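Last residue of the sequence shown: 674 (the numbering used here), numbering continuous.
Yeah, the Cβ is synthetic: ideal placement off N, Cα and C, and Gly gets one too.
Since the model is a prediction, treat every value here as computed from it, not as a measurement.
Presented below is the structure to which this report refers.
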Amino acid sequence: MASSKDRDVEVSPATSTSSVKSSFFERSPSVSSSREDKWPELLLSRPNKSYYYNSKSRDPVVIERSNLVNISKLIVKELIEQSLRYGRMLDSDHLPLHHFFIVLEHVMRHGLKPKKGLLGPKKELWDILQMVEKYSPEAADITASVRDLPTVKTAMGRARAWLRLALMQKRIADYLRILLEHREDTLEEYFEPHALMLNEEAVIITGLLVGLNVVDCNLCVKEEDLDSQQGVIDFSLYLRGSNSSNDLAGNGNGDSEPKQRHINTMLDQKNYIEELNRHLNATVANLQAKVESLTTTNALMKEDLAISKNTMIQLVEENNQLKHALGQDITKDTRMKVTELQSDEEEKRSVKSIASDKSKNDSEASKNLEEERKKYLELQRELDLQISLKAEMEVAMKLLEKDIHDKQDTIISLRRQLDDIKLINLEMYKKLQECESSLKHKTELIAKLEAKTESMGSTIHQLDEKLQEDKLARKSLEDSARSLGQKAAAAETRAVAAEGDLRIEREWRVSLQESMMRDRDKISMLTQEVESLKSIGQKYISLQEEQHVLKTQYVEAQKTLEEVGATLSENKLQLAELLEREAAQAQAVDETPTWTHDKDATACTACAKEFSIARRKHHCRRCGHIFCAACSDKTVALAGNTKPVRVCDACYAEVRLT
């Protein structure tokens, strides 16, 4: 780890090359920065600015930027691979995540302008990050929480905390893109022209940060020491040699195989559970739709049922009226017709029995033929099914092979599309700016239209006044028209009444003739119903007899229950007296108060109400007197008892006071 005082780089024997490479990124952004923000000097020193712009073959500034981009690519790739491989949430102890924040800090501080003069303001990364909330209101929560952190005191520590919170929010790429879009307003006064944030490499960094939206982080900002220097990157984790990688692969294969299997099974289970959730959501939606349809049908059925009940009640009332009207005036002609109908039905039954004997012989032969045909058709269907199954299996195998090739092609195309999407995002931002300009133009038009509406409002007010005057004139004309209309209506009603009387008499004649025909049909129907009702009446008489027997049994059972209840109540009273005697004996030994016997007490000592079967006797466990349930319903924990005991109102008040 590099020290802040001497600005020397410590090189371990195991990672000498990696630590030398890491020192390349530990360059101070300004000469006059504080000791807490000092960084180790680069191996490439730059004494004069003109040196970078004169060297055309190998510009060191370009190399610096490319080195930062390349190392950030390696670290982001390793970070995403580890998070996807182990499928867990990353915390602050995770080494690649720690390295990522160090590299991101170098990227953001690259080319930062130094302080102008001794009294000039110092250029800090925290000042740049605070400007994000002007363009994105979502960043206001992060900046407010960073300002309120008690453990962070320096500006660099606040910047580090802000970057960690933005990564947890999964908006770090969006915030960096906002800064790049407003680079002319925000970044040019803070960075040198050769800085990474003002060049094309910044777009690559934003693209890399978009990939980190896959990673889930849980970082505790309060517990970390963000004011001090963050440390050195060990490049041996990202730049392994061929021999060492082969040795490590040979040793680690045995251990990683069961882990990889376990990870694969876990991923398969996760996919299966997600599919199950989708199916369940679909079924729930279908069931909800069915429930809604059933509720509507249920409501309709209830309405139909109510209507049918009303009609049934009306029909029953009409039936009863007709029965009373008919009475016992059934003529002999109707009885003769019934006997004739019964004889005709017996003749029809005899003819049907003769025809059925002939048809049985013919039907047996036809049944045998049909059974053989069915067996032949079933065998042909089974053959066709087996042939179709084989053909489907072959087609399915071919489709699976095609799907595999298609998926490989889609993976390649998706990678290309990702690059295209990044370009499209930049184009969309330009379009957004155009839309904002058009929006401003439209707001100006709206202001003009509002002025026009105000002028139109005065004219509308004048028209409303004219309208009210016209309404008053209209009302006077309508009153005169109504008086004339009433006179005309009276004359018309007289004429209509005369015509209506004639029509009513004609309709009465027609309706009486139709009602006569209907009554005859109803009489024939009711005769049949009377016979069926006689059989129902006999059944009703038998049921009444059974009901009488059951009533007698029920009355006897009730009497027995009352007798048993009386005996039970007596037993309960005796039991309560025994318990109270035992309690009185036990308390007489322990306590001094006198225990009154049940025989001595005939009324409550508090309210003087006499005891009965309904009003039971209760002893107060403190004073020993007998009270009713209302005067001794409170319980108190006394000295000699573990549980709360029944006490009268006076004793309860004394205990509460003590």
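Note down the Cα distance separating Leu549 from Arg397, rounded to an integer number of angstroms.
57 Å
Give me the Cα-Cα distance between Ala622 and Val661, rounded to the nearest whole angstrom.
18 Å
For a quick check, are the C-beta atoms of Val77 and His295 less than 8 Å apart?
no
Could you round the C-beta distance between Asp107 and Leu235 to whole angstroms and report it? I think they count as a contact, below 8 Å.
7 Å
Give a yes or no on whether the C-beta atoms belonging to Val307 and Glu217 are separated by under 8 Å.
no
Quick one: give me the first and last residue of the beta strand (DSSP E) that Thr651 is part of.
Lys650 to Val652
Ala298 to Thr312, Cα distance in whole Å?
22 Å
According to DSSP, is Glu388 part of a helix, a strand, or is it coil?
helix
Does the contact criterion of 3 or more C-beta pairs under 8 Å hold for the segment 181 to 197 versus the segment 144 to 155?
yes
Answer yes or no: do His126 and Leu212 have a C-beta to C-beta separation smaller than 8 Å?
yes
Is it true that the CB of Tyr206 sits closer than 8 Å to the CB of Lys139?
yes
According to DSSP, residues forming a beta bridge with Val663
Lys650
Starting from Gln246, trace the alpha helix (DSSP H) both ways and give me its first and last residue.
Note, Gln246: premise wrong, no alpha helix (DSSP H); not H, not E.
What separation, rounded to the nearest whole angstrom, lies between the Cα atoms of Met172 and Asp243?
7 Å
Is DSSP giving Cys451 helix, strand or coil here?
helix
Taking Cβ positions, are Ile220 and Val123 nearer each other than 8 Å?
no
By DSSP, does Glu626 sit in helix, in strand, or in coil?
strand
If Leu195 sits next to Ile144, beta carbons under 8 Å apart, how far is it from one beta carbon to the other, in whole angstroms?
7 Å
To the nearest angstrom, report how far apart Ile642 and Leu566 are at their CA atoms.
47 Å
By how many angstroms is the C-alpha of Asn657 removed from the C-alpha of Gly581?
34 Å
For Phe116, the nearest candidate out of Leu100, Gln98 and Ile91 (CA to CA):
Ile91
Just tell me which of Glu149, Glu204, Tyr102 and Leu120 has its CA closest to the CA of Leu128.
Glu204
Where does Ala497 fall in DSSP's three states?
helix
Does the Cβ of Ile87 have 16 or more other Cβ atoms within 10 Å, making it buried, or fewer, making it exposed?
buried
Closest to Val231 by C-alpha separation, out of Leu95, Leu577 and Lys406, would be which residue?
Leu95
N- and C-terminal bounds of the alpha helix (DSSP H) containing Glu197:
Ile188 to Glu197
Evaluate Trp524 with the Cβ neighbour count: other Cβ atoms within 10 Å of its Cβ, from every protein chain shown; 16 or more gives buried, anything less gives exposed.
exposed
Taking just the CA atoms, how far does Asp422 sit from Leu192?
36 Å
At 3 residues or longer, what runs of the beta strand (DSSP E) sit wholly inside the segment 489 to 556?
none
Helix, strand or coil for Leu165 per DSSP?
coil
Exposure label - Arg431; buried when at least 16 CB within 10 Å:
exposed
Is DSSP giving Leu203 helix, strand or coil here?
coil
Is the beta carbon of Leu224 closer than 8 Å to that of Lys89?
yes
Beta bridge counterpart(s) of Ala708 as assigned by DSSP
Nothing about residue 708 can be reported from this structure: the residues present for the chain run from 17 to 674 only.
Would you report the Cα separation of Gln304 and Ala407, rounded to the nearest angstrom?
40 Å
Is the distance from the Cβ of Arg81 to the Cβ of Asn215 below 8 Å?
yes
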